[in-house]
Amino acid sequence: MTKKTDTVLVTGISGYIAKHVAHGLLQRGYKVRGTVRELAKGEQVTADLAETGVDVFGLSYVEANLQSDTGWEAAVKDCAFIQHLASPLPLRQPEDREALVPEARAGAQRVLSAGFAAGVKRIIMTSSIAAMIGQPGKGAHLKITEDSWTDPDWKKLTAYNVSKTRAEISAWEYAKVQGFEDRLTVINPGLVLGPAIGTSYGTSLGLVEQMFAGEFPRTPKAAFPIVDVRDLADLHIAAMQVKGAAGRRLIAAGETLWFSDIANIAREAYPEQGRKLPKGELPSFVVRIAAKFDNRISAIVADLGTFHEADTQYVTDLTGVSFRPAKQSVLDSCAYLVETGKIE
Ligand code: NAP
22 MTKKTDTVLV TGISGYIAKH VAHGLLQRGY KVRGTVRELA KGEQVTADLA
72 ETGVDVFGLS YVEANLQSDT GWEAAVKDCA FIQHLASPLP LRQPEDREAL
122 VPEARAGAQR VLSAGFAAGV KRIIMTSSIA AMIGQPGKGA HLKITEDSWT
172 DPDWKKLTAY NVSKTRAEIS AWEYAKVQGF EDRLTVINPG LVLGPAIGTS
222 YGTSLGLVEQ MFAGEFPRTP KAAFPIVDVR DLADLHIAAM QVKGAAGRRL
272 IAAGETLWFS DIANIAREAY PEQGRKLPKG ELPSFVVRIA AKFDNRISAI
322 VADLGTFHEA DTQYVTDLTG VSFRPAKQSV LDSCAYLVET GKIE
């Protein structure tokens with residue numbers, strides 16, 4: 022159903038994951054139109070992608086912001102598919118838990134309505150397991166499936182989790198009302214690790230950098246399924262190509278690691294650079310107290326003590342995409358950070 026000459030819109034193309042998606046699309050011969058908030062950002066994205074050796078001839082940009090209607094009609098024009106990855110992903114969480122909702126939810130609405138109106142064949146929207154794991158009383162072990170949903174009214178959730186959940190709920194509702202459920206696929210990634218393209222990267226790889234920098238003397242007791250950014254990009258593209266992926270929520274995740282596992286894997290491989298890596302876990306009651314003073318820590322409070330596990334066999338069966346071992350993604354993240362001089 023896809024043609025190699027198809028144009029694919031990638032929203033938020035300057036992002037960590039989106040650059041990998043754009044890379045995979047260009048490699049496969051698609052034309053890629055990326056949205057950026059300022060056109061000047063496109064030059065760096067082109068340079069980063071060209072550095073990988075991929076042919077950037079089919080790459081172009083439009084300016085569009087999730088917070089405004091301007092630019093979206095031009096962005097979707099003549100596109101066969103949309104990969105919608107742009108979303109606010111702040112390192113520091115706003116105090117107001119609904120603060121990011123307008124940007125994420127109304128932004129997704131803009132992309133969906135412009136895309137469906139322009140007749141795109143399918144929209145792939147990147148949600149998160151944040152829209153699945155926010156379940157009050159979840160206990161020590163939570164297995165998530167395609168049917169798992171976060172309760173967006175749970176008071177412990179961060180603004181980011183609330184925004185991802187409300188944006189996904191409203192995207193499905195909108196698609197249903199419009200009769201376009203079979204033209205929407207949602208991808209719910211776990212914690213994304215692996216090398217970035219270029220020298221800028223998002224929040225998740227930044228966590229590994231912060232661990233090396235000694236910003237967390239000990240880790241919180243929290244465990245999330247990990248997905249490698251390269252496998253995640255393959256899944257975004259497969260979701261466009263595989264007929265049966267329409268109307269589905271695809272969890273993108275492999276093995277689950279505790280934060281302490283991540284620190285230990287990094288230390289073993291990089292003993293010299295890893296002197297400040299966290300050693301041992303903080304008791305959860307201490308994390309809860311610390312969260313009152315540091316809102317980066319408050320992001321983890323709802324998930325303390327739970328081993329979150331994802332059932333993704335159905336995703337591999339459906340799309341053929343499998344997920345590499347989490348340890349490999351941690352090691353490749355560290356190698357990237359060392360090679361680019363982010364950690365010394
Ligand atoms: P990232 O590197 O921070 O990229 C986010 C992108 O969104 C950037 O291109 C950013 O543009 C763009 N953006 C933010 N606000 C925008 C707005 N108001 N209008 C237009 N563009 C805007 O994040 P990422 O890690 O690649 O994440 C990409 C997607 O995956 C997001 O939807 C995120 O929620 C989801 N996700 C990520 C993870 C993870 O562990 N990284 C896990 C689950 C889900 P600028 O360059 O202009 O800032």
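Counting with the numbering used here, you get residues 22 to 365 for the letters of the sequence shown. Backbone N, C-alpha and C define an ideal beta-carbon position, used for all residues, glycine too.
Asked: Any non-hydrogen atom of the ligand NAP closer than 6 Å to I272 Cβ; Found: no
Asked: Proximity below 7 Å, CB of A244 to CB of F344; Found: no
Asked: Residue from T171, N86, P115 and Q114 with nearest C-alpha to A107; Found: N86
Asked: Distance cut-off 6 Å: R58 Cβ against heavy atoms of the ligand NAP; Found: yes
Asked: Of the listed residues H257, Q156 and A152, nearest to R187 (C-alpha basis); Found: A152
Asked: Neighbour-count burial assignment, R113, 16 or more Cβ in a 10 Å radius; Found: exposed
Asked: Same chain, Cβ closer than 6 Å to T333, five either side skipped, listed in chain order; Found: I272 and A274
Asked: contact_flag[the stretch 75 to 94, the stretch 35 to 54] where n(CB pairs < 8 Å) is 3 or more; Found: yes
Asked: Residue from T240, A323, G362 and A192 with nearest C-alpha to R131; Found: A192
Asked: DSSP bridge partner residues for N209 (one or two, in chain order); Found: I272
Asked: Beta-carbon contacts of G63 that lie in its chain and below 6 Å, excluding the five residues immediately before and after; Found: V57 and Y82
Asked: Close beta carbons around V53, own chain, < 7 Å, minus the five adjacent residues each side; Found: V29, V31, A43, L46, L47, G79 and L80
Asked: For I247 and G211, believed in contact at Cβ under 8 Å, the rounded distance; Found: 6 Å
Asked: Same chain only: Cβ atoms within 7 Å of L298, ignoring 5 sequence neighbours per side; Found: M232, F233, A284, A287 and R288
Asked: Inter-residue Cα distance where the pair is A312 and E94; Found: 42 Å
Asked: Rounded C-alpha distance that separates L133 from G295; Found: 44 Å
Asked: Buried versus exposed call for A129 [16 or more other C-beta atoms within 10 Å across all chains shown]; Found: buried
Asked: Option nearest T340 by Cα separation, candidates R269, A96 and E330; Found: R269
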